[in-house]
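Working notes for the structure below.
2 protein chains.
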Amino acid sequence: MGCVTTIYEVAERAGVSPATVSRVFNGSPVSAEKTRHVRKAAADLNFVPNRTARTLRRKNSEMIALILPDIENPYFTSMARGVEDVAQAAGYSLVLCNTDDDPGKESQYLDIAASEHMAGVVLAPVARHADEQLLELPGRPLISVDRTTGLPVDAVMMDNFAAGKDAVTALYQGGYRRIACITGPDDVETAVERARGWKSVVDRRQMFADPGAFTRFSTFRVDGGRTAMASLLESPSPPDAVVAANNVMSIGALQVLAEAGMRPPHFGVATIGDLPFTTISPKSVTVVHLPARHMGVTAAQLLIERIQGDPQPVRTVVLRHETRPAAYPHPAGA
Amino acid sequence: MGCVTTIYEVAERAGVSPATVSRVFNGSPVSAEKTRHVRKAAADLNFVPNRTARTLRRKNSEMIALILPDIENPYFTSMARGVEDVAQAAGYSLVLCNTDDDPGKESQYLDIAASEHMAGVVLAPVARHADEQLLELPGRPLISVDRTTGLPVDAVMMDNFAAGKDAVTALYQGGYRRIACITGPDDVETAVERARGWKSVVDRRQMFADPGAFTRFSTFRVDGGRTAMASLLESPSPPDAVVAANNVMSIGALQVLAEAGMRPPHFGVATIGDLPFTTISPKSVTVVHLPARHMGVTAAQLLIERIQGDPQPVRTVVLRHETRPAAYPHPAGA
DNA sequence: CTGAAAGCGCTAACAC
DNA sequence: GTGTTAGCGCTTTCAG
Numbered sequence: 003m004g005c006v007t008t009i010y011e012v013a014e015r016a017g018v019s020p021a022t023v024s025r026v027f028n029g030s031p032v033s034a035e036k037t038r039h040v041r042k043a044a045a046d047l048n049f050v051p052n053r054t055a056r057t058l059r060r061k062n063s064e065m066i067a068l069i070l071p072d073i074e075n076p077y078f079t080s081m082a083r084g085v086e087d088v089a090q091a092a093g094y095s096l097v098l099c100n101t102d103d104d105p106g107k108e109s110q111y112l113d114i115a116a117s118e119h120m121a122g123v124v125l126a127p128v129a130r131h132a133d134e135q136l137l138e139l140p141g142r143p144l145i146s147v148d149r150t151t152g153l154p155v156d157a158v159m160m161d162n163f164a165a166g167k168d169a170v171t172a173l174y175q176g177g178y179r180r181i182a183c184i185t186g187p188d189d190v191e192t193a194v195e196r197a198r199g200w201k202s203v204v205d206r207r208q209m210f211a212d213p214g215a216f217t218r219f220s221t222f223r224v225d226g227g228r229t230a231m232a233s234l235l236e237s238p239s240p241p242d243a244v245v246a247a248n249n250v251m252s253i254g255a256l257q258v259l260a261e262a263g264m265r266p267p268h269f270g271v272a273t274i275g276d277l278p279f280t281t282i283s284p285k286s287v288t289v290v291h292l293p294a295r296h297m298g299v300t301a302a303q304l305l306i307e308r309i310q311g312d313p314q315p316v317r318t319v320v321l322r323h324e325t326r327p328a329a330y331p332h333p334a335g336a
Numbered sequence: 003m004g005c006v007t008t009i010y011e012v013a014e015r016a017g018v019s020p021a022t023v024s025r026v027f028n029g030s031p032v033s034a035e036k037t038r039h040v041r042k043a044a045a046d047l048n049f050v051p052n053r054t055a056r057t058l059r060r061k062n063s064e065m066i067a068l069i070l071p072d073i074e075n076p077y078f079t080s081m082a083r084g085v086e087d088v089a090q091a092a093g094y095s096l097v098l099c100n101t102d103d104d105p106g107k108e109s110q111y112l113d114i115a116a117s118e119h120m121a122g123v124v125l126a127p128v129a130r131h132a133d134e135q136l137l138e139l140p141g142r143p144l145i146s147v148d149r150t151t152g153l154p155v156d157a158v159m160m161d162n163f164a165a166g167k168d169a170v171t172a173l174y175q176g177g178y179r180r181i182a183c184i185t186g187p188d189d190v191e192t193a194v195e196r197a198r199g200w201k202s203v204v205d206r207r208q209m210f211a212d213p214g215a216f217t218r219f220s221t222f223r224v225d226g227g228r229t230a231m232a233s234l235l236e237s238p239s240p241p242d243a244v245v246a247a248n249n250v251m252s253i254g255a256l257q258v259l260a261e262a263g264m265r266p267p268h269f270g271v272a273t274i275g276d277l278p279f280t281t282i283s284p285k286s287v288t289v290v291h292l293p294a295r296h297m298g299v300t301a302a303q304l305l306i307e308r309i310q311g312d313p314q315p316v317r318t319v320v321l322r323h324e325t326r327p328a329a330y331p332h333p334a335g336a
């Protein structure tokens with residue numbers, strides 16, 4: 003049963019002082035015999051230490067908050083697993099908070115993290131931190147992942163610009179020559195950077211007179227991918243391939259392509275981010291594998307170092323992605 | 003910045019007593035003028051109430067725990083969204099905990115929920131509660147979802163037996179006559195029940211001399227579906243259709259089928275649970291839609307009623323699934 | 001190595 | 001309406 007007995011009751015039963023009980027549960031030196039008595043009494047009484055009281059006293063809890071924009075996106079759940087594994091191993095419990103990409107919810111959870119004296123927080127920040135409404139730091143160790151904050155905090159990132167470049171380059175090498183780009187909202191950093199990466203290659207190859215006409219900003223969701231892909235297919239001179247800037251957008255794009263009877267490799271597809279739960283052969287699509295889990299692991303490691311008092315100056319770690327070109331190139335003519 | 007100022011400092015600055023500050027932040031009646039002063043002082047000082055202290059005093063926090071076996075399964079994240087929406091609306095923050103289907107982690111998180119005085123918990127219990135190692139109740143409102151606990155607690159469930167029946171029946175009506183079953187571990191209740199539902203129909207139709215030869219117990223993961231499907235295809239007289247007992251197993255099964263060049267409707271597939279992020283036409287597969295989000299919503303509602311002191315006897319709510327038969331039946335002969 | 005005692009910041013009686 | 005005060009259960013000096 004829950005949290006009902008206190009160290010006082012345990013102390014009495016064990017014939018020691020409350021302080022000794024506390025010491026036993028905190029690894030402070032206590033004589034073997036008393037330790038035994040305390041453990042026995044605690045077990046008998048079904049004692050579970052009251053974390054609230056401990057946290058109030060210590061001004062520090064054993065919880066780490068992971069604040070994510072979208073818990074339903076496998077990219078972030080994969081990251082969560084990475085954070086969790088490291089946190090658990092270091093004796094911290096992970097609590098996950100979903101912001102829905104809403105700055106209001108984000109600052110609410112940051113307040114809670116502070117107010118609950120959590121040991122630290124890993125934050126994948128929401129997109130829209132309009133001007134003055136800067137992210138409010140919780141006054142305890144914080145690592146940002148996936149997106150930057152503009153604030154001087156540790157960060158674990160990937161090279162979104164390079165990912166965009168690599169995606170389009172792999173398609174080009176597969177024989178495609180009119181490679182469009184569908185990406186997320188134009189105020190989301192990762193979306194913009196990946197599109198910029200795409201554009202840099204497209205410009206260099208002089209692929210389009212007007213690259214803007216082959217770019218679609220949409221939502222980072224399945225229907226965002228659908229809308230964008232449909233719109234591209236309707237254009238006067240459609241592309242022969244597309245770079246989709248995130249995992250679930252790719253799903254939407256592939257759905258629309260399938261419905262139009264155009265599947266890879268007839269129409270080239272590169273996805274930035276792994277296709278979750280796919281039933282099509284992954285070999286038919288160029289996948290820029292994103293180190294989501296690894297980002298989580300790294301962020302958690304940095305965080306724990308900070309919690310333990312690491313005094314290093316602020317760091318940014320950039321993790322490398324890995325491009326896996328489609329096995330089948332473009333079959334002959336466009 | 004974090005949690006540094008106290009009600010005492012706010013009180014001093016506002017020229018009132020700490021109790022008044024507390025009252026302002028808890029909606030107790032305070033004169034308009036003092037309220038104004040307090041709010042001003044709090045804003046100036048950037049005051050955030052210390053939840054740890056409040057919780058210690060009230061023996062109740064504003065957090066709800068949602069303890070899930072697998073945060074990476076879209077079935078559960080969808081459920082999480084349901085819980086979250088209701089919790090948020092009622093003024094509770096949701097913390098998600100991932101047990102990895104490990105009873106140890108589960109009881110750890112239950113202890114934490116109790117020890118942190120969380121307002122309540124929604125629990126999707128792990129499978130293996132071996133005999134004596136019964137689930138330990140946290141001494142506060144708890145609703146179980148998806149799986150039963152064997153304990154007298156409120157529960158929100160679905161009819162797994164019926165889901166199994168409906169899946170195989172839809173395939174039968176689509177013209178398939180040798181319908182196998184791949185399901186989860188034989189100690190997971192949902193897995194067993196769904197398989198039992200399948201068997202009841204298969205028996206009644208006298209589909210197989212030995213139904214056991216057409217059942218595969220595996221893991222509730224993608225590779226579990228792969229292994230099971232592969233094994234079925236290798237059998238001396240293979241089936242012409244399959245019921246896959248959960249969403250991600252179905253993915254695995256569809257992958258193996260695609261690799262073997264057998265796609266629906268040539269080979270019939272029914273999936274219990276929605277296909278996440280699918281790129282194949284959902285119409286080609288029979289989907290037994292599971293009300294995951296709705297289960298989350300319902301569980302959260304029941305929980306909040308309990309938190310508010312609802313004295314009703316223990317309830318079990320069973321939510322209805324919805325069968326969506328594949329659009330295309332079996333093309334002629336097996 | 002052990003006990004006594006002072007709070008951590010807040011809320012909820014209890015007086016006024 | 002408002003202030004005073006006594007803890008919630010724990011950790012942690014400080015003595016011994």
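Going line by line, the protein sequences match chains A and D. So the first sequence is numbered by this note's numbering: it starts at 3 and just counts up by one. So the second sequence is numbered by this note's numbering: it starts at 3 and just counts up by one. Ideal placement from N, C-alpha and C gives every residue a C-beta, glycine not left out.
- Within chain D, the C-beta atoms nearer than 7 Å to that of Asn100(A) come from Glu86, in chain order.
- Within the same chain, Leu173, Tyr178, Ile181 and Gly270 come within 6 Å of Ala243(A) by CB-CB distance, once the 5 residues on both sides are set aside.
- Remark: C-beta atoms of Ala121(A) and Ile309(A) approach each other more closely than 7 Å.
- Counting only runs of 3 or more residues that sit fully inside the segment 253-286 of chain A, the beta strand (DSSP E) segments are 270-274, in chain order.
- Rounded to the nearest whole angstrom, the C-alpha separation of Gly298(D) and His332(A) is 45 Å.
- The beta carbon of Lys201(A) sits closer than 6 Å to those of Pro213, all from its chain and outside the five residues before and after it, given in chain order.
- Rounded to whole angstroms, the gap between the alpha carbons of Asp87(A) and His296(A) is 11 Å.
- Under the Cβ criterion (8 Å, minimum of three pairs), the segment 312-329 of chain D counts as touching the segment 154-171 of chain D.
- Between Pro266(D) and Thr281(D), the alpha-carbon positions lie close to 14 Å from each other.
- Here Asn28(D) is exposed, its C-beta having fewer than 16 other C-beta atoms within 10 Å.
- Taking a 10 Å sphere around the C-beta of Gln175(D), we find fewer than 16 other C-beta atoms and assign the residue as exposed.
- Along the segment 220-245 of chain D, the beta strand (DSSP E) does not occur as any fully enclosed run of 3 or more residues.
- Three or more beta-carbon pairs separated by less than 8 Å are not found between the segment 239-258 of chain D and the segment 51-61 of chain D, which leaves the two stretches without contact.
- For Glu108(A), none of the residues of chain D pass the 7 Å Cβ criterion, the least Cβ distance being about 12 Å.
- Under the Cβ criterion (8 Å, minimum of three pairs), the segment 76-83 of chain D does not count as touching the segment 28-40 of chain D.
- With a beta-carbon spacing of about 5 Å, Leu96(D) and Ile66(D) fall inside the 8 Å limit used to define contacts.
- Note on Arg207(D): under 16 other CB atoms within 10 angstroms of its CB, so exposed under the neighbour-count rule.
- Non-local beta-carbon contacts of Leu256(A) in its own chain, meaning distances under 6 Å to residues more than five positions away in sequence, are absent.
- In chain order, Ile9, Val12, Ala13 and Val40 place their CB closer than 6 Å to the CB of Val23(A), counting only its own chain and leaving out the 5 sequence neighbours on each side.
- Secondary structure note for Glu324(D): its beta strand (DSSP E) is the uninterrupted segment Glu324 to Arg326.
- Listed along the chain, the chain A residues whose CB falls inside 9 Å of the CB of Val250(D) are Phe279.
- For the segment 21-98 of chain A, the continuous alpha helix (DSSP H) assignments of 4+ residues that do not extend past its boundaries occur at 34-47, 53-60 and 76-91, in sequence order.
- The C-beta of Asp225(A) comes no closer than 7 Å to any C-beta of chain D.
- By the CB criterion at 7 Å, Arg228(D) and Val258(D) fall inside the cutoff.
- Glu64(A) and Asp276(A) have their C-alpha atoms spaced approximately 33 Å apart.
- Pairing Pro140(A) with Pro278(A), the inter-Cα distance amounts to about 33 Å.
- Within chain A, no residue has its CB atom less than 8 Å from the CB of Ala294(D), the nearest being about 11 Å off.
- Residues of chain D with a Cβ closer than 7 Å to the Cβ of Asp113(A) are, in chain order, Val50.
- At a cut-off of 7 Å, the C-beta of Leu235(D) has no neighbouring C-beta in chain A.
- A straight-line Cα-Cα distance of about 37 Å links Val26(D) and Asn100(D).
- In the DSSP assignment, Val290(D) falls within the beta strand (DSSP E) that extends over Thr288 to His291.
- Looking from the CA of Ala45(A), the closest CA among Thr7(A), Glu35(A), Pro20(A) and Asp72(A) belongs to Thr7(A).
- Closer than 7 Å to the CB of Thr79(D) there is at least one CB belonging to chain A.
- For Arg53(A), a Cβ of chain D is located within less than 7 Å of the residue's own Cβ.
- According to the DSSP assignment, Met297(A) belongs to the alpha helix (DSSP H) that extends over Ala294 to Ile309.
- Under a criterion of Cβ atoms nearer than 9 Å, no residue of chain A is adjacent to Leu153(D); the nearest Cβ is some 12 Å distant.
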